[in-house]
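Comments concern the structure below.
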Amino acid sequence: MAEAAGSGLPNGGESQRSRWKYLDNILNRRGPFTDPEWQPGEAVIEGLSRAKILGAGGLGCEILKNLALSGFKDIHVIDMDTIDVSNLNRQFLFRHADVGKYKAEVAAKFVEKRVKGVKITPYCGKIQDKDEDYYMQFAMIVCGLDSIEARRWINATLVGMVDDENPDSMKPLIDGGTEGFKGQARVIFPTMTSCIECQLDMHAPRAAVPLCTLATIPRQPQHCIEWAHIIAWEEERKEITLDTDDPEHITWLYQKALKRAQEFNIPGVTYSMTQGVVKNIIPAIASTNAIVAASCCNEAYKIATNTNPFLGFPETDNYMMYTGDESIYTYTFQHMKKPDCPVCGNLARPLQVNPNSTLHEFLESLAERPEAQLKKPTIRTEEKSLYYQFPPSLEEQTRPNLPKKLNELVSDGEEVAIDDPAFQVQFKYKLVFQK
Ligand SMILES: [Zn+2]
13 MAEAAGSGLP NGGESQRSRW KYLDNILNRR GPFTDPEWQP GEAVIEGLSR AKILGAGGLG
73 CEILKNLALS GFKDIHVIDM DTIDVSNLNR QFLFRHADVG KYKAEVAAKF VEKRVKGVKI
133 TPYCGKIQDK DEDYYMQFAM IVCGLDSIEA RRWINATLVG MVDDENPDSM KPLIDGGTEG
193 FKGQARVIFP TMTSCIECQL DMHAPRAAVP LCTLATIPRQ PQHCIEWAHI IAWEEERKEI
253 TLDTDDPEHI TWLYQKALKR AQEFNIPGVT YSMTQGVVKN IIPAIASTNA IVAASCCNEA
313 YKIATNTNPF LGFPETDNYM MYTGDESIYT YTFQHMKKPD CPVCGNLARP LQVNPNSTLH
373 EFLESLAERP EAQLKKPTIR TEEKSLYYQF PPSLEEQTRP NLPKKLNELV SDGEEVAIDD
433 PAFQVQFKYK LVFQK
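Quick note, the sequence shown lines up with residues 13 to 447 if you use this note's numbering.
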């Protein structure tokens, strides 16, 4: 079987092709799960090698290696980071001599050298640097991003790109993420299946804590650390630039946080927690990354070749969660699309509000809501602008609304639109006054 597929590929001699013998076994014959319409053979192999695929983010090494070894030949990679010594324990494409160089470039070169015939095009920067034209060239996108903000951005961008007249404009998004021993792999068919924004309350990110909570009544040890980090340092050591790698600086923050925690009777502040909160460390475990990246790349392979059913299509399970922190548990389910999703839905979401709270308090509460997690919200009703963060002239003009009570600004049941430029997201809320 392998011989039959030996020609017709770039750089494909027989010895080259033998590398793909076992993969070809899947591509050259039917299996128990293949669709009756599906035709095995050359065309499928060609399709796989031509499918332009984009990988990005912290699971990058695993994703690149897996895609290259799965038969993808035109791979693009985006990553903004440079290599740090602390990456070397798990990001296996990097060596000590590479420290300081761009991850995307070093990884691309390494994989190209090891897997002949594969072309990897690196881009060193943020996914937000690129526009719709750029994303339009890919067959699909595999993301192992470590930031929620970047995930929400690419999700909103891909949903926005869908043009009903052009089936090619729908780019499957395969997303993987890990945190310690836990992780998830999911597939999104923008506008057709539940999107990342629909699922935002699924992962438990570190919710942004409003400044007023930090400044007045902390409730958790982390609040005390953030207080030391954001407020105390600014007040007492303004002239020194905080260096989160300097143990003296971390010790100072730790002692400040500990003292504040004791004042409020909050247990649990430790040195390592201080370090974790300040550096925003999400623990990365190499094996969890490998499991999740492998699941994502297998889905990419199945979507590109149609050899087997894959997550998310049509109308099936679209979300695999992996939980390894207490023994092992995996669960795959269908996350439903939300009709009031701010990215892929169009209905306003009812939201109970206290009519006597101020606009300022309401906007701050949006940072804490798990389905919103907004940073710089701008709010308006159908008729008027209530508060704009930008531009400065509009900010100044709308600022007097901040101390006003909600019932002075909106009527019971009125719809408001809330935007946050960081995520390209617009929330529609129907404000219902609590009685
Ligand atoms: Zn959605």
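Cβ atoms here follow ideal geometry from the backbone N, Cα and C, with glycine treated the same way.
Here the structure is a predicted model, which means the values were calculated and not measured.
At a threshold of 7 Å, does residue i count as lining ligand 1 (C-beta to nearest heavy atom)?
i, result
"residue 155", "no"
"residue 5", "Past the edges of the chain, shown from 13 to 447, lies residue 5, and the structure says nothing about it."
"residue 355", "yes"
"residue 183", "no"
"residue 206", "yes"
"residue 440", "no"
"residue 350", "yes"
Of the choices the options, whose alpha-carbon is the least far from that of residue i?
i, options, result
"residue 391", "361, 304, 438 and 59", "438"
"residue 89", "268, 136 and 363", "136"
"residue 355", "208, 302 and 406", "208"
"residue 317", "143, 189 and 45", "45"
"residue 131", "120, 319 and 141", "120"
"residue 170", "63, 258, 142 and 282", "142"
"residue 434", "372, 360, 166 and 201", "166"
"residue 162", "149, 138, 179 and 144", "138"
"residue 426", "236, 283 and 443", "443"
"residue 357", "204, 320, 327 and 277", "204"
"residue 366", "446, 109 and 255", "446"
"residue 432", "399, 408, 420 and 56", "399"
"residue 164", "147, 174, 212 and 179", "212"
"residue 257", "250, 321 and 284", "284"
"residue 373", "408, 255 and 221", "221"
"residue 178", "344, 291, 407 and 148", "148"
"residue 55", "36, 235, 345 and 351", "36"
"residue 172", "260, 250 and 144", "144"
"residue 57", "33, 339 and 48", "33"
"residue 282", "91, 42, 151 and 267", "267"
"residue 335", "347, 320, 319 and 301", "301"
Could you check how far apart the C-beta atoms of residue i and residue j are, in whole angstroms? I think they sit under 8 Å.
i, j, result
"residue 226", "residue 242", "6 Å"
"residue 70", "residue 158", "4 Å"
"residue 95", "residue 104", "About 12 Å separates the two Cβ atoms, so there is no contact after all."
"residue 186", "residue 66", "Rounded, the Cβ-Cβ distance is 10 Å, inconsistent with contact."
"residue 240", "residue 269", "4 Å"
"residue 418", "residue 371", "6 Å"
"residue 28", "residue 129", "6 Å"
"residue 389", "residue 378", "5 Å"
"residue 210", "residue 349", "6 Å"
"residue 5", "residue 168", "The question about residue 5 has no answer here: the residues shown for the chain are numbered 13 through 447."
"residue 315", "residue 404", "In fact, because the Cβ distance is near 46 Å, the residues do not count as touching under 8 Å."
"residue 410", "residue 423", "Residue 410 to residue 423, Cβ: 19 Å. No contact."
"residue 39", "residue 52", "6 Å"
"residue 111", "residue 97", "6 Å"
"residue 237", "residue 265", "7 Å"
"residue 201", "residue 182", "6 Å"
Would residue i be called buried (16 or more neighbouring beta carbons within 10 Å of its own) or exposed?
i, result
"residue 263", "exposed"
"residue 368", "exposed"
"residue 15", "Caution is warranted here: a pLDDT of 39 is assigned to residue 15, below 50, making its placement in the model unreliable, and the coordinate value is therefore given only provisionally. Counting Cβ neighbours within 10 Å, residue 15 comes out exposed, since fewer than 16 surround it."
"residue 134", "buried"
"residue 231", "exposed"
"residue 376", "buried"
"residue 323", "buried"
"residue 13", "Confidence in residue 13 is poor, its pLDDT being 34 and thus under 50, which makes the residue's placement unreliable; the coordinate value appears in the next sentence. Looking at its Cβ environment, which holds fewer than 16 other Cβ atoms inside 10 Å, residue 13 is exposed."
"residue 192", "exposed"
"residue 30", "exposed"
"residue 99", "buried"
"residue 4", "No information on residue 4 is available, as it lies outside the stretch 13 to 447 that the chain covers here."
"residue 436", "buried"
"residue 126", "exposed"
"residue 101", "exposed"
"residue 188", "buried"
"residue 441", "buried"
"residue 190", "buried"
"residue 109", "exposed"
"residue 353", "buried"
"residue 17", "Residue confidence for residue 17 is low, a pLDDT of 42 falling below 50, so the modelled location carries little weight; the figure read from the coordinates is stated next. Residue 17 comes out buried."
"residue 77", "buried"
Under a CB-based cut-off of 8 Å, is residue i close to chain D?
i, result
"residue 142", "The chain labelled as chain D is not found in the depicted structure, where only one protein chain is given."
task: Would you be able to state if there are at least three C-beta pairs under 8 Å between the region 300–315 and the region 190–198?
output: yes
- request: Please confirm if the region 103–118 is in contact with the region 55–74, defined as three or more CB-CB distances below 8 Å between the two stretches.
  value: yes
message: For the region 406–422 against the region 330–343, do three or more pairs of beta-carbon atoms, one drawn from each stretch, fall closer than 8 Å, so that the two count as touching?
response: no
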